[in-house]
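Following the UniProt record's numbering, the numbering of the sequence shown begins with 1 at its first residue and continues without gaps.
Idealized CB from N, CA, C, for every residue including glycine.
All values reported here derive from a predicted model rather than from experimental measurement.
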Amino acid sequence: MDLMTSLDHDRKSHATVRPLTAEDIPWTRELFTERWGGVVSVSRGVAHDTTALPGFVALLDGERAGVATYRIAGGECELVTLDSVREGAGAGTALVDAVAGAARAGGAARLWLVTTNDNLRALRFYQRYGFDLVAVHRDAVARSRELKPSIPEIGLDGIPLRHELELELPSRLLRLSPTRSPEC
Ligand SMILES: CC(C)(COP(=O)(O)OP(=O)(O)OC[C@H]1O[C@@H](n2cnc3c(N)ncnc32)[C@H](O)[C@@H]1OP(=O)(O)O)[C@@H](O)C(=O)NCCC(=O)NCCS
Numbered sequence: 001m002d003l004m005t006s007l008d009h010d011r012k013s014h015a016t017v018r019p020l021t022a023e024d025i026p027w028t029r030e031l032f033t034e035r036w037g038g039v040v041s042v043s044r045g046v047a048h049d050t051t052a053l054p055g056f057v058a059l060l061d062g063e064r065a066g067v068a069t070y071r072i073a074g075g076e077c078e079l080v081t082l083d084s085v086r087e088g089a090g091a092g093t094a095l096v097d098a099v100a101g102a103a104r105a106g107g108a109a110r111l112w113l114v115t116t117n118d119n120l121r122a123l124r125f126y127q128r129y130g131f132d133l134v135a136v137h138r139d140a141v142a143r144s145r146e147l148k149p150s151i152p153e154i155g156l157d158g159i160p161l162r163h164e165l166e167l168e169l170p171s172r173l174l175r176l177s178p179t180r181s182p183e184c
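Structural data, given as structure tokens:
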């Protein structure tokens with residue numbers, strides 16, 4: 001089953017998605033530690049233990065190709081983490097499709113996320129997916145560092161890591177998200 005149909009993405013992918021399980025945690029722990037300096041993710045001043053969150057794993061050729069975690073609260077769904085380890089093959093898109101489906105199934109009226117000002121690739125990816133920039137939280141990363149001191153001063157591409165960018169998926173696109181099980 002191919003999930004890359006719901007939001008009119010024009011490229012087909014072989015990526016499939018299944019729910020994150022306890023067996024994936026050693027792998028996600030290693031990935032998040034290598035990429036993000038630990039399993040704690042801070043957004044909007046809140047620290048999340050990503051190993052305790054629900055999520056999805058993308059598979060390509062039977063191998064783990066990426067992971068997304070999310071949380072649903074107060075009628076909203078936050079995409080807390082999104083990581084692809086096989087970039088450009090549709091894993092990221094399939095994972096966001098799955099989280100959008102979970103958001104919708106969980107009754108969330110809003111799907112949102114935070115990225116940082118240095119993450120130009122993510123900003124490109126999310127906007128091309130359909131997310132809209134709804135807020136810039138200036139100097140929010142300094143507050144995040146109080147909760148997670150390992151967040152570096154300098155981010156990707158040598159860009160000072162300072163601001164949180166909040167994006168959300170317009171509700172018309174959230175309504176188009178898959179309703180079927182992401183199990184493939
Ligand atoms: C942002 C990120 C998750 C995107 O994941 P990804 O797996 O590369 O995403 P996709 O493959 O679905 O899409 C990326 C590109 O590949 C293209 N693509 C998708 N399926 C494809 C396929 N089967 N063949 C060729 N290209 C494909 C997409 O159209 C997209 O192209 P575009 O950039 O021209 O729009 C990934 O770059 C990543 O893990 N970054 C590091 C972690 C990070 O910063 N996460 C975000 C934190 S907020």
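Residue span of the beta strand (DSSP E) that contains residue i, given as start and end
i, result
"glycine 66", "63-73"
DSSP state of residue i mapped onto helix, strand, coil
i, result
"proline 149", "coil"
"glutamate 164", "strand"
"serine 41", "strand"
"valine 80", "strand"
"serine 6", "Bear in mind that a pLDDT of 43 at serine 6, under 50, signals an unreliable position, so the model cannot answer this."
"valine 17", "strand"
"serine 181", "Here serine 181 scores only 46 on pLDDT, less than 50, and its place in the model is too uncertain to base an answer on."
"phenylalanine 32", "helix"
"valine 141", "helix"
"methionine 1", "Caution applies to methionine 1, whose pLDDT of 35 falls short of 50 and renders its modelled position unreliable; the model cannot decide the point."
"phenylalanine 131", "coil"
"alanine 108", "coil"
"tyrosine 126", "helix"
"leucine 176", "coil"
"glycine 55", "strand"
"aspartate 49", "strand"
"isoleucine 154", "strand"
Proximity test, residue i beta-carbon vs ligand 1 heavy atom, cut-off 7 Å
i, result
"leucine 88", "Correcting the residue type first, residue 88 is glycine in the shown sequence and not leucine. Glycine 88 Cβ: within cutoff of ligand 1."
"arginine 18", "no"
"glycine 55", "no"
"aspartate 132", "no"
"glycine 62", "no"
"lysine 12", "yes"
"phenylalanine 32", "no"
"glycine 92", "yes"
"arginine 110", "no"
"leucine 176", "no"
"arginine 124", "yes"
"arginine 71", "no"
"isoleucine 84", "Correcting the residue type first, residue 84 is serine in the shown sequence and not isoleucine. Yes, ligand 1 has a heavy atom inside 7 Å of this Cβ."
"glycine 66", "yes"
Presumed contact (8 Å Cβ cut-off) between residue i and residue j, rounded CB distance
i, j, result
"glutamate 164", "tryptophan 112", "That pair is no contact at about 11 Å."
"aspartate 118", "isoleucine 159", "4 Å"
"leucine 167", "valine 134", "6 Å"
"serine 41", "valine 80", "5 Å"
"glycine 120", "aspartate 97", "Note on residue identity: the sequence assigns leucine, not glycine, to residue 120. That belief does not hold up - the Cβ atoms of leucine 120 and aspartate 97 are roughly 22 Å apart, past 8 Å."
"valine 114", "arginine 172", "In fact, because the Cβ distance is near 22 Å, the residues do not count as touching under 8 Å."
"glycine 38", "serine 150", "6 Å"
"alanine 109", "glycine 75", "5 Å"
"serine 177", "glycine 101", "5 Å"
Check whether residue i and residue j have beta carbons under 8 Å apart
i, j, result
"serine 84", "glycine 66", "yes"
"leucine 161", "isoleucine 154", "yes"
"leucine 95", "phenylalanine 131", "no"
"threonine 69", "threonine 93", "no"
"alanine 15", "leucine 60", "yes"
"alanine 91", "alanine 122", "no"
Residue i: first and last residue of the uninterrupted alpha helix (DSSP H) it sits in
i, result
"glycine 92", "91-105"
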